[in-house]
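Here the protein sequences come in this chain order: A and B. Counting in the working numbering, the first sequence runs from 1 upward without gaps. Counting in the working numbering, the second sequence runs from 1001 upward without gaps. Note that beta-carbon positions come from the ideal geometry of N, C-alpha and C, so glycine has one too.
Number of protein chains: 2
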Amino acid sequence: MEIIVDVMSGDNAPFEMIKGVCLASKEVTANFTLVGNEGKIRRIANENGFDIRRFDIVHTDEVITMEDDPLSIVRAKKNTSMGVGLKLLAEDKGDAFVSAGNTGALFTGATLIVRKIRGIQRAAIASVLPMQPPVLLLDSGANVTVTEDYLEQFAIMGSIYMKKVYGIDMPRVGLLNNGTEACKGTPLQIEAYKRLMDCQSINFVGNVEGSAIPFDACDVLVCDGFTGNITIKSIEGVGKMMLSRMKQIFNSNTRARLSAILVSEQLMEMKHDYDSTEHGGAPLLGISKPVIKAHGSSNAKAFKNAIRQAVHYYDTGVIYEIAKESEAFGPNK
Amino acid sequence: MEIIVDVMSGDNAPFEMIKGVCLASKEVTANFTLVGNEGKIRRIANENGFDIRRFDIVHTDEVITMEDDPLSIVRAKKNTSMGVGLKLLAEDKGDAFVSAGNTGALFTGATLIVRKIRGIQRAAIASVLPMQPPVLLLDSGANVTVTEDYLEQFAIMGSIYMKKVYGIDMPRVGLLNNGTEACKGTPLQIEAYKRLMDCQSINFVGNVEGSAIPFDACDVLVCDGFTGNITIKSIEGVGKMMLSRMKQIFNSNTRARLSAILVSEQLMEMKHDYDSTEHGGAPLLGISKPVIKAHGSSNAKAFKNAIRQAVHYYDTGVIYEIAKESEAFGPNK
């Protein structure tokens, strides 16, 4: 397997990205193509003793920033690490692509350069929420407005992902809504509820409220990208706040520090469970080849986990399964 | 001051409601009118030694259930504790109304029976999020779809509430969105951003992402009721899950139980801060008299806090200030 990596994008690029690839190369059997400024990559590797001899490097001299318009990836900036990486993937120079860069640009670039699976109307960003057991939320930000058609396809793609990657036999699909009754939500949710109810390819369990998300209500949660983005960020924000509050408590005095020692193992485990760096990246479901969005603030460990996820996504044949299922959908709209 | 209380609605009605009124009557200077089944109220008071001699009782024999259609409050069920209570408020038989019942019915009843403040297009449910410092989120569920006009009025009403009730001089207003840039969101948010930017009556600080909500990004957060409902419930859900995880940790073995003793005070404080029963109820901002929605699962303490909030809401003249400000809006649309 050949993994193409954008090492120039992300808050901590390129240092943490290069380090992440080095870590990943010890854990997975794959070749790596690093896309980015060759001079910088070699300098950082030299300065930090990263062994990058086995990696291919494709030189690019531009970077998509977080402020860039998503369309700049195919218009104003033709030679970015993200854009060139996606082109390499589209040209079958690799099997998967990982980037921690601008989400909108990655989504737009993946859709326009790598292209969607035939029959899929919109790709979606699928994020694993830090819950036990995990919940796959999609769309988590790419499509601010959606139709019931998109939501039905999100449900099907998410089910295949959770079945193949997490080994869940009949993933339970929920529709994120402001109440459990079928009549709840805006006209979109009311229509989508009926569509999901009638869909034979999924195991629809009905509407899921925000309060039920952490309590094993479903395995796949579908919604528009606007609501999804706000939900996932709110959940991460509250988790972060509560962990920081606990840290404060355990550092407040000597007794508290002693207390922390007594439960340190369990506390580390809890922190681990809610640590977004542990969960790898988010696959862009519906794109015809594996594209993984790593968190913008990824450190080396998070980036390594995103690479591992790319391998797993590729190996389990999720895209093949989605393509088989989507043959029934007819041509793209 | 005369407070009208619906003692028949809520998961734990009427027992916890009657007990809550008894607790409140010791803390606030007010008369109470209990609306509900007189026989049941007297029996429960007798059986539990609740002293209800100083309270007026208005007998009703029907209850709006959680499953009832919101419009049933003015149509099918004419003699419910909630509907009669709202009528008493509309007829000036009291100064404020508190209910833990069906949110949709309370909102519909308040709008149709008590009526909105002149110039206000839609009332909103305003919920205080369990953050330090507190954040007022509106609309938290009544209007699943809104316009930029509504959002502007929500921003003005929320600012007045936080100024009067929480003593914040220039409350910072944020627009809940999927990114901080002005171009983010659906067409609604893009328009609303401009409107809020131009609004002279508020201190608009721009778009606020879900991840920023717990970190003091604003005092008032406006959004449509669909997104608001999912956001508040997600936040409550994750808080609940993490507190229960901590409880598990501290109960896991003897060492852990010892650990908990060492930080018990701080843990109780943290639990208190995220405990929805501590935060009273949600005012229906835009209604011409104080109507407070208590949490459906309220116990006596939560209901007492909702009653205290009704008193505070009345005393601080929020409604008068909103009415003054809304004179500029012209007649209701």
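Check whether L1138/B and T1108/B have beta carbons under 8 Å apart:
It is not a contact, given that the beta carbons lie outside the stated cut-off.
Whole-angstrom distance between A1282/B and V1058/B, CA atom to CA atom
For V1058/B and A1282/B, the gap between their C-alpha atoms comes out near 24 Å.
Rounded separation between A1182/B and T1145/B - CA only:
C-alpha separation (whole angstroms): 21 Å.
Helix, strand or coil: which one does DSSP assign to S1072/B?
Here S1072/B sits in helix by DSSP.
Which partner residues does D1006/B have in the DSSP bridge list?
D1006/B is bridged to V1035/B.
Would you mind reading off the limits of the beta strand (DSSP E) that contains S127/A?
Looking at the DSSP string, the run of the beta strand (DSSP E) that includes S127/A is S127 to L129.
Roughly how many angstroms separate the alpha carbons of E1152/B and M1082/B, rounded to a whole number?
Across the structure, E1152/B and M1082/B are spaced so that their CA atoms are roughly 30 Å apart.
Where does the unbroken alpha helix (DSSP H) through G1109/B begin, and where does it stop?
Looking at the DSSP string, the run of the alpha helix (DSSP H) that includes G1109/B is T1103 to G1109.
I need the DSSP call for V28/A, collapsed to helix, strand or coil.
Correct three-state label for V28/A: coil.
Does any residue of chain A have a CB that is nearer than 8 Å to the CB of A1256/B?
Using a CB distance cut-off of 8 Å, A1256/B counts as an interface residue toward chain A.
Counting Cβ pairs closer than 8 Å, one from the stretch 283-296 of chain A and one from the stretch 1252-1268 of chain B, do we hit at least three?
With the rule of 3 Cβ pairs closer than 8 Å, the stretch 283-296 of chain A does not count as touching the stretch 1252-1268 of chain B.
Would a C-beta distance cut-off of 8 Å place G210/A and T1103/B closer than the cut-off?
Cβ atoms of G210/A and T1103/B: not closer than 8 Å.
Nonlocal neighbours in the same chain, by C-beta distance under 7 Å from G1185/B, ignoring five residues either side
Contacts found: N1177 and N1178.
CA-CA distance, K1116/B and F154/A?
Straight-line Cα distance between these residues: approximately 41 Å.
Taking the runs of the beta strand (DSSP E) that are 3 residues or longer, which of them lie wholly in the stretch 1209-1247 of chain B?
Those beta strand (DSSP E) runs which fall completely within the stretch 1209-1247 of chain B and span 3+ residues are 1220-1222.
For V1084/B, which option in E1067/B, A1217/B and D1061/B has the closest C-alpha, if you only look at C-alpha atoms?
Comparing alpha-carbon positions, the option among E1067/B, A1217/B and D1061/B lying closest to V1084/B turns out to be D1061/B.
Please confirm if Q1266/B has its CB atom under 8 Å from at least one CB of chain A.
Q1266/B belongs to the set of residues whose beta carbon lies under 8 Å from a beta carbon in chain A.
Selection from G1020/B, F1015/B and F1032/B that minimises the alpha carbon distance to G1039/B:
Minimum Cα distance to G1039/B is reached at F1015/B.
Enumerate in chain order the residues of its own chain whose CB-to-CB distance from P214/A is below 7 Å, with the five nearest sequence positions on each side excluded.
Taken in chain order, the residues that qualify are M131.
Can you name the start and end residues of the beta strand (DSSP E) that K1292/B belongs to?
Looking at the sequence provided, one finds Ile at residue 1292/B rather than Lys. Unbroken beta strand (DSSP E) run through I1292/B: V1291 to K1293.
Cβ neighbour criterion (16 or more within 10 Å) applied to S244/A
Flag for S244/A reads exposed.
Does DSSP put E409/A in a helix, in a strand, or in coil?
The structure shown does not extend to residue 409/A, since chain A is modelled only from 1 through 333, so no value can be given for it.
Using the Cβ count rule (16 or more neighbours within 10 Å means buried), how would you classify K1293/B?
The residue in question, K1293/B, is buried, as its Cβ has 16 or more Cβ neighbours within 10 Å.
According to DSSP, is R54/A helix, strand or coil?
Secondary structure of R54/A (DSSP, three-state): coil.
Look at the Cβ atom of L34/A, then the Cβ atom of F55/A, and state whether they are nearer than 8 Å.
Contact flag set, yes.
Pop quiz: M8/A and V74/A are said to be a contact at Cβ under 8 Å. What is the actual Cβ separation, rounded to whole angstroms?
Cβ atoms of M8/A and V74/A stay farther apart than 8 Å, at about 17 Å.
Where does S99/A land, buried or exposed, given buried means 16+ other C-beta within 10 angstroms?
Its Cβ being crowded by 16 or more others within 10 Å, S99/A is buried.
Taking buried to mean at least 16 other C-beta atoms within 10 Å of its own C-beta, is M241/A buried or exposed?
Counting the other Cβ atoms within 10 Å of the Cβ of M241/A gives 16 or more, which makes it buried.
What does F250/A touch in chain B if you count any residue whose Cβ is under 8 Å from its own?
Simply V1263.
Assigned secondary structure, P1187/B (DSSP; H/G/I helix, E/B strand, else coil)
Helix, per DSSP.
Would you say R995/B reaches chain A, if we count a Cβ-Cβ gap shorter than 8 Å as a contact?
No answer is possible for residue 995/B: the residues shown for chain B start at 1001 and end at 1333.
Given a cut-off of 8 Å, decide if S140/A and A123/A are closer than it, judged by their beta-carbon atoms.
Going by C-beta atoms, A123/A is not nearer than 8 Å to S140/A.
Can you find a C-beta in chain A that's less than 8 Å from the C-beta of V1144/B?
Under the 8 Å criterion on CB atoms, V1144/B is classed as interfacial with respect to chain A.
With a 10 Å radius around its C-beta and 16 neighbouring C-beta atoms as the bar for buried, classify A96/A as buried or exposed.
The residue in question, A96/A, is buried, as its Cβ has 16 or more Cβ neighbours within 10 Å.
Can you pull the DSSP bridge partners for H59/A?
In DSSP, H59/A forms a bridge with G36/A.
Can a CB atom of chain A be found closer than 8 Å to the CB of F1032/B?
It does not; no Cβ of chain A falls within 8 Å.
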